[in-house]
Structures are given as structure tokens and as C-alpha cells.
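> Residue numbers for the sequence shown follow numbering that gives the first Met the number 0, so the first one is 0 and each next one is one higher. Cβ coordinates follow ideal geometry from the N, Cα and C atoms, glycine included.
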Amino acid sequence: MQNEGEELNLKNLQKMHSFNGLGLELGDRLPSQERVRYAVVNSRLAIESRVPVMGETFNPGSGKQEFKQLGLVVGMQALDEDFVGYLSRLTDVKINVFTQAGYSSGDLPGYLNPVETAHEGERLKLPSLNEISVGGLRYYQRLIPLYNGQQRIGSIAALQSQAIIRKNIWEMERTLGLIAAACLLLIFPFVWYLANSISRPLILLSKIFRDVAGERETLNEELGVLANRRGDELGELTQSFMGMNDAVNQKIQLINEINASLEDKVARRTMQLCLANEELTKLARHDVLTGLPNRQLVSDRLVQALVVAKRDQTRVALMFIDLDEFKPINDTQGHAIGDLMLKETAGRIQHCIREMDTVSRIGGDEFLVLLPVIEAVQDAVTVAEKIRFALNQPFVLAGQSLRISSSIGIAIYPEHGSDESALLRNADSAMYDAKNSGRNAVKLFEQPILADQPKFDF
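1) Express the C-alpha separation of valine 73 and threonine 98 in angstroms, rounding to a whole number.
2) Could you check if arginine 173 is buried or exposed, using at least 16 other CB atoms within 10 Å of its CB as the buried criterion?
3) I need the straight-line Cα distance from tyrosine 412 to leucine 422, nearest angstrom please.
4) Alpha helix (DSSP H) containing arginine 310: first to last residue?
5) If you reduce the DSSP assignment to three classes, tell me which class glutamine 446 lands in.
6) So, for alanine 316: in the same chain, excluding its five sequence neighbours on each side, which residues have a beta-carbon less than 7 Å away from its beta-carbon?
7) Give the secondary structure of alanine 397 by DSSP, where H, G and I count as helix, E and B as strand, and everything else as coil.
8) Leucine 71 to glutamate 33, Cα distance in whole Å?
9) Going by DSSP, what residue range makes up the alpha helix (DSSP H) through aspartate 91?
10) For glutamate 119, which residues from the same chain have a beta carbon less than 8 Å from its beta carbon, with the 5 sequence-adjacent residues on both sides left out?
11) Going by DSSP, what residue range makes up the beta strand (DSSP E) through isoleucine 152?
12) Among Ala389, Gly333, Met355, which one has its Cα closest to the Cα of alanine 397?
13) So, are the CB atoms of serine 359 and asparagine 425 less than 8 Å apart?
14) Identify whether asparagine 58 lies in helix, strand or coil by the three-state DSSP scheme.
15) Going by DSSP, what residues sit across from isoleucine 178 in a beta bridge?
16) My output table needs one value for serine 417: the three-state DSSP class, helix, strand or coil.
17) For lysine 67, which option in Met75, Gln76, Glu55, Pro59 has the closest C-alpha, if you only look at C-alpha atoms?
18) To the nearest angstrom, how far is it from the Cα of proline 144 to the Cα of isoleucine 155?
19) Just to confirm my understanding: we take alanine 100, look at its own chain, exclude 5 residues before and 5 after, and list those with CB closer than 6 Å. What are they?
20) Going straight from the alpha carbon of glutamate 445 to that of leucine 322, what length do you get?
21) Given this structure, state the Cα-to-Cα distance separating aspartate 356 from isoleucine 348, to the nearest angstrom.
22) Does the distance from the C-beta atom of alanine 308 to that of arginine 314 stay below 8 Å?
23) So, for glycine 84: in the same chain, excluding its five sequence neighbours on each side, which residues have a beta-carbon less than 7 Å away from its beta-carbon?
24) Using 10 angstroms around the beta-carbon of threonine 344, count the other beta-carbons present and answer buried if the total reaches 16, otherwise exposed.
25) For asparagine 329 versus asparagine 391, is the C-beta distance shorter than 8 Å?
26) Per DSSP, what are the beta-bridge partners of histidine 285 in this structure?
27) With distances taken Cα to Cα, identify the nearest neighbour of tyrosine 138 among Ile163, Arg151, Gln249, Asn147.
28) Which of the three DSSP states, helix, strand or coil, is assigned to leucine 78?
29) Just mark phenylalanine 187 as buried or exposed, buried being the case when its beta carbon has 16 or more other beta carbons within 10 Å.
30) Starting from the Cα of histidine 285, find the closest Cα among Ser103, Gly362, Asp81 and give me that residue.
31) For serine 420, which option in Asn112, Val302, Leu128 has the closest C-alpha, if you only look at C-alpha atoms?
32) For alanine 375, which residues does DSSP report across the bridge?
33) For glycine 60 and methionine 53, what's the separation of their Cα atoms in angstroms?
34) Could you have a look at proline 144 and say whether DSSP puts it in helix, strand or coil?
35) Which of the three DSSP states, helix, strand or coil, is assigned to glycine 70?
36) In the structure shown, what three-state DSSP assignment does valine 265 receive?
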């Protein structure tokens, strides 16, 4: 908080209340927007929030009331036994919290060793799902990794009892069975009524045909003769027969119209389901903001490109692109401008590559470019320089001219790796070399001589 009438700065900022182990780490500029992040406090995982306090204050220099930041509230919600227990009571899910130092808190104290399916050195792409046994009971385990920036600080393990899941499935099946039985009870009377309304006129038609036609050769000729006989029972019977015949024809026409309508509805519904399925498939394999292939899709294409390259003895190039100075623009200009810049960045990169190549946004301001076939290493360097030059041009967004640059790392198959993991790791290492060399640069991976391979935190 600050004193009344004083300008807010780090020197006169006063710490009103603090939590043991929660540090107030501030730079030269106080945060002016609400921020939430995960942190480790006293070896326990916590949710740290920073909320600016805004209000009106008198400015002696201008002599006016001004709306400005008056202070900063730093809060911490520990993921302790009480909080985890509260979350677990809301659902059927048991929750345990782990930090890098070990077990932190949770509903299953005997569960201390979560099993993660990610390879060593890789960042979990999705929460892993395993089957485990705790205290003789079977659970489905889902691990949710937690990061503070790029640093992995802990995990949340959500465990669902297999017995409860089987019970829920059985209850669902029973409910569906009851619904199906109810539908059958409603359908059978309708089918019986519909069949009876059609069959009765047909039965009467058959009886009249036998009674009237006798041994005559054609029914139509008899109907023509009998229809002219008025005033007797046979004429009335003929008229009744003709009326029933018309009624049957009307019902048949109605049934045909219903069938045609049902077929049309089924065709339209099938088309809608196909379109919806295509849309869901696209959303699952593409970035929502830019429409580019996501991490899963570019990974699949990289694996396919490596198979072809090994068979045909050709080269594959993988570029890791990170935008320089994007975060300050996103923070100062707002997320709307940041999103526009990411969309424009995606378009500029696509204009620099071939139709057979792939550009993917893998998160934040990071992009991957896959060149499945190149003749020489210099070809990849030429494309990377073309991308770097395009991204270094001014961005005109919402009437403003903004500039960024990019750091690009390149890894080549087979020179820099023979599989997907090695190429990703080495392209990422080359990108960091470009950043460390002053940014706005393109670097080709250089194999270290006396050092271990850099770890790829992806």
C-alpha cells in the first residue's frame, strides 16, 4: 500500500501483511494488471495472485483528482490439505499435489510416486493417463503438470475410482435401456394403428373383389358396369368399394410423403454430422487463433517426412522460431493487438514457404516450420533468412506501426538427428544460440564437442 498523497513507487511501497515464505518480488515497474501464477512456498505448491489497487488521488502538481494505481495486493492460496479436500468433495476425484521436492498434500497419503509417461527431457504435451493401485483399490490417474513460466514446479494428480466409474457406466446403460424400452412401448401402438389403418381397407377390398368379381376376367370392367347401377345394394357396395379404394390410395400417398420427408431429414442430418465431425477434427489438429496446424499435427507430419527421407535418402529441415520482444508489446498494447500480430506473423511465414511445407504454432509466440524435402543445407538457411526478414518488417495494427524480430534455429536430418526428438531438441538449442548472439538471427545447429546434448523443454 502507499501513503495518502504520495506518488506510488518502490521506495514508498509499504508491506501491510505478508505470508511467511511468500516473497514480494518487484522490478522497477509495478504490475498494473491482475496476474496469477503457480509458485512453491515453503516446499508447498500455491497459487500466487497479484492484484493492483486502483483509485482516485489528488495530484499536487496538476491540482486535479487522478485515477491511478494506489497499491498492490499479493495473495497466496496454498494447495494444502483443506483446499485439496474441498476440491475433492465437489467431485468424485481424489486429488494429490506434488512438488519437485516430493509429496505436498492430498486425499491419498499412501500415494507418493506418480507415474509420468513423458520421455526424459520433454515437456508433457497432454496430461498423462495411467491405471494405478493405491491401498488395494484401482484408480485412473491423470497427471496435470504445472509450470511457472518455463520452469516445471509441480504436478496435480487427479485419481478417479474405477469402481465408481463402472457404477456410473452401469447406471448410464440402465438408463439408456429404460429409455429404449419406453420408446418401444410408444412405437408398438403407433405401428399397430398404422398397420391396421392400411390393412383393413385392403382386406375389405379383397373381400369385395371376391364377392363382386366372381369368375369375371377383369375387375375394372365389372367396376365400370356396377358403377352405373344406382339405387340398389350392388351399386351402393360398388360406391363404397371405390371410396375405400380412394382412401387407400390417399394413405399410401401420405406414407410415401412421410417416407420421402424422413429420408430427406436423415440425409440432411447425416450431412450436418459429417460437417460437424470435419470441424471437430480440424479444431483438434489446428491452432484456434491462427488456424495453423498444432503441435500434434506437425509432429505427425515430421514423423512421416522422416520415414520418406530415410527411404529416399533425402534431407529434412526443422526450424524453431521464437518472436523477440513480443511479450512487451502484448503487455503494453493488450492481448487483442497481440493476437492480431500472431495472425499476421502466421501469414508472413506461410508466404515464405512452399505449399508442401508446414508451419505450426506450438504455443505463445513459438512456431515450427517443417521442410520435408531439401536439396542442401543452404536451402533451409535461405528460407529461414527470408522468414527473418519478413518478420522484421513493421506491423501496422489498429493504426499503429509496431516492430518485432525473430530468433530462428535450424536442425537438419540426418546431420543433426535421426528422429523427431533429436531434431526438435537441436532446433530449439540452435534457436537459443540465435537469441544469445543478439537476437534477430538465424543459427544452424552446431554439434557440441565436450558437452551433453541440450535438454528440450517443449
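Let's see:
1) Taking the first residue of the sequence shown as position 1, residue 98 is located at position 99. Taking the first residue of the sequence shown as position 1, residue 73 is located at position 74. For threonine 98 and valine 73, the distance between alpha carbons rounds to 22 Å.
2) Translated into the one-based positions of the sequence shown, residue 173 becomes position 174. Exposed: under 16 other Cβ atoms inside 10 Å.
3) On the sequence shown, position 413 is the one that residue 412 refers to. On the sequence shown, position 423 is the one that residue 422 refers to. Cα to Cα, the separation comes out at about 7 Å.
4) Counting from one through the sequence shown, the residue named residue 310 turns up at place 311. Element bounds for arginine 310: 294-311.
5) Numbered from its first residue, the sequence shown carries residue 446 at position 447. The answer is coil: DSSP assigns glutamine 446 none of H, G, I, E or B.
6) Residue 316 sits at position 317 when you count from the first residue of the sequence shown. Hits under 7 Å: Leu370, Ile373, Ala379, Ile409, Ile411.
7) Numbered from 1 along the sequence shown, position 398 holds the residue referred to as residue 397. DSSP places alanine 397 in coil when its eight states are reduced to three.
8) For the purposes of this step, residue 71 is identified with residue 72 of the sequence shown, where counting begins at 1. For the purposes of this step, residue 33 is identified with residue 34 of the sequence shown, where counting begins at 1. Answer to the nearest angstrom: the Cα atoms are 10 Å apart.
9) In the sequence shown, counting from the first residue as 1, residue 91 sits at position 92. Segment: none, aspartate 91 is in no alpha helix (DSSP H) and carries neither H nor E.
10) One-based indexing of the sequence shown puts residue 119 at position 120. In this predicted model, glutamate 119 has a pLDDT of only 46, less than 50, meaning its place in the structure is not dependable enough to derive any value.
11) Counted from its first residue, the sequence shown places residue 152 at position 153. Per DSSP, isoleucine 152 belongs to the beta strand (DSSP E) from 150-160.
12) Start at 1 with the first residue of the sequence shown, and residue 397 comes out as number 398. That would be Gly333, whose Cα lies nearest to the Cα of alanine 397.
13) Here residue 359 refers to the residue found at position 360 when the sequence shown is read from its first residue. Here residue 425 refers to the residue found at position 426 when the sequence shown is read from its first residue. Going by C-beta atoms, serine 359 is not nearer than 8 Å to asparagine 425.
14) The count along the sequence shown starts at 1 and reaches residue 58 at position 59. The answer is strand: DSSP assigns asparagine 58 an E or B state.
15) As a first step, residue 178 must be located in the sequence shown, where it is residue number 179. Paired residues: none, contrary to the question.
16) Working through the sequence shown from its first residue, we reach residue 417 at position 418. It is coil, neither helix nor strand.
17) Here residue 67 corresponds to residue number 68 of the sequence shown, with the count starting at 1. The candidate whose alpha carbon is nearest that of lysine 67 is Glu55.
18) What you label residue 144 is simply residue 145 of the sequence shown in a count that begins at 1. What you label residue 155 is simply residue 156 of the sequence shown in a count that begins at 1. Taking the straight line joining both Cα atoms gives about 7 Å.
19) For the purposes of this step, residue 100 is identified with residue 101 of the sequence shown, where counting begins at 1. Within the same chain, alanine 100 has close Cβ partners Ser42.
20) The count along the sequence shown starts at 1 and reaches residue 445 at position 446. The count along the sequence shown starts at 1 and reaches residue 322 at position 323. Distance between the alpha carbons of glutamate 445 and leucine 322 is about 21 Å.
21) Your numbering for residue 356 matches position 357 in the sequence shown. Your numbering for residue 348 matches position 349 in the sequence shown. Spanning the two alpha carbons is a distance of roughly 11 Å.
22) On the sequence shown, residue 308 is found 309 positions in, with the first residue counted as 1. On the sequence shown, residue 314 is found 315 positions in, with the first residue counted as 1. Cβ atoms of alanine 308 and arginine 314: closer than 8 Å.
23) Numbered from 1 along the sequence shown, position 85 holds the residue referred to as residue 84. Asp106, listed in sequence order.
24) Within the sequence shown, the letter at position 345 stands for residue 344. By the neighbour-count rule (16 or more Cβ atoms within 10 Å), threonine 344 is buried.
25) Looking up residue 329 in the sequence shown gives position 330. Looking up residue 391 in the sequence shown gives position 392. Cβ atoms of asparagine 329 and asparagine 391: not closer than 8 Å.
26) On the sequence shown, position 286 is the one that residue 285 refers to. DSSP output for histidine 285 lists Pro292 as bridge partner(s).
27) Taking the first residue of the sequence shown as position 1, residue 138 is located at position 139. Ranking Ile163, Arg151, Gln249, Asn147 by Cα distance to tyrosine 138 puts Ile163 first.
28) Here residue 78 refers to the residue found at position 79 when the sequence shown is read from its first residue. Note: leucine 78 maps to coil in three-state DSSP.
29) On the sequence shown, residue 187 is found 188 positions in, with the first residue counted as 1. Under this definition phenylalanine 187 is an exposed residue.
30) In the sequence shown, counting from the first residue as 1, residue 285 sits at position 286. Among Ser103, Gly362, Asp81, the Cα nearest to that of histidine 285 is on Gly362.
31) Numbered from its first residue, the sequence shown carries residue 420 at position 421. The option with the nearest alpha carbon to serine 420 is Val302.
32) Against the sequence shown, residue 375 aligns to sequence position 376. DSSP output for alanine 375 lists no bridge partner at all.
33) Locating residue 60 in the sequence shown gives position 61, where the first residue counts as 1. Locating residue 53 in the sequence shown gives position 54, where the first residue counts as 1. Looking at the two C-alpha atoms, the distance is approximately 19 Å.
34) Indexing the sequence shown from 1 puts residue 144 at position 145. Looking at proline 144 - three-state DSSP - the assignment turns out to be strand.
35) Working through the sequence shown from its first residue, we reach residue 70 at position 71. Residue state, collapsed to three classes: strand.
36) For the purposes of this step, residue 265 is identified with residue 266 of the sequence shown, where counting begins at 1. If DSSP states are grouped into helix, strand and coil, valine 265 belongs with the helices.
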